[in-house]
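**Q** Residue numbers (the working numbering): 680 to 907.
Structure incoming, see below.
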């Protein structure tokens, strides 16, 4: 009997999802300036539909970033407020990993380059491959200019699939992928759940006061992980 609520407002999309014993309920809306008005009603609707109270949940997942500074802070603030009241562990999941998970769900991608438009002429980017149903990072998540990314990964083979808003803003990124998963333009809360469930089963939830966002602005190099 596992019940996990997930929320995300880190990009232009606002979303919430509820996992209850293998059944999924979700809400999703693209509303760049409406997150503060939408997220709590979405949560209330999901709990009502699932006939649950916050106190009956096992954990609360949140998109920890990267994303817009304001959007990530909204997600974390709402997650902490809900978790404090119901004494729930928080489960932070990367928004880039959620994008890659969405590409697997919607487009069948098993090797994915996920990239979010970071504004200011930069992108948030990470690479993932499927391992036992979960998208696992193969290259560190980074923030850098598109030209720098194209230069530093010039000798890397193209990824089979790209996903995320950066491929729309910077069309030149398409040279690094064989195709794009258009069905998933932004991270969705339901795609936080596979990783969140793994964290919860591993006892890796954290207290609300200890939850932290991830912005990536202090990382500027493209670093390969072992085995790539």
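Idealized CB from N, CA, C, for every residue including glycine.
Counting only C-beta atoms, is residue 847 closer than 9 Å to chain D at any point?
**A** Chain labels in this structure do not include chain D; a single protein chain is all it has.
**Q** Tell me, please, which residues DSSP counts as bridged to residue 693.
**A** 708
**Q** Should the region 836 to 848 be called in touch with the region 730 to 747, which here means at least 3 C-beta pairs below 8 Å?
**A** no
**Q** Among 819, 709, 771 and 859, which has the Cα closest to the Cα of residue 887?
**A** 771
**Q** Give me, in chain order, the residues of the same chain whose beta-carbon lies closer than 6 Å to that of residue 692; leave out the 5 immediate sequence neighbours on both sides.
**A** Excluding residues within five positions, the ones whose Cβ falls inside 6 Å are 709 and 865.
**Q** Taking the Cβ atom as the reference point for each residue, do residue 714 and residue 750 lie within a distance shorter than 9 Å?
**A** yes
**Q** Look at residue 699 and residue 688 and say whether their C-beta atoms are less than 9 Å apart.
**A** no
**Q** Using a threshold of 9 Å, state whether the C-beta atoms of residue 893 and residue 769 are closer than that.
**A** no
**Q** Look up residue 853 in the DSSP assignment and say whether it is helix, strand or coil.
**A** helix
**Q** Spatial neighbours of residue 870 within its chain, please: C-beta separation below 7 Å, excluding the five flanking residues on both sides.
**A** 777, 780, 781 and 784
**Q** In chain order, what residues of the same chain have a beta carbon less than 7 Å from the beta carbon of residue 707, not counting five sequence neighbours either side?
**A** 692, 694 and 867
**Q** Quick one: residues in its chain with C-beta nearer than 8 Å to the C-beta of residue 813, no 5 flanking neighbours on either side, listed in chain order?
**A** 780, 873, 874 and 877
**Q** Are residue 741 and residue 758 close, meaning C-beta to C-beta below 9 Å?
**A** yes
**Q** Which residue comes first and which comes last in the alpha helix (DSSP H) that contains residue 722?
**A** Where residue 722 is concerned, the enclosing alpha helix (DSSP H) stretches over 714 to 729.
**Q** So what's residue 863 in DSSP terms, helix, strand or just coil?
**A** coil
**Q** For residue 847, report the span of its alpha helix (DSSP H) as first-last.
**A** 845 to 848
**Q** Out of 720, 787, 797 and 744, state which residue places its alpha-carbon closest to the alpha-carbon of residue 844.
**A** 797
**Q** What are the boundary residues of the beta strand (DSSP E) that residue 823 is part of?
**A** 813 to 823
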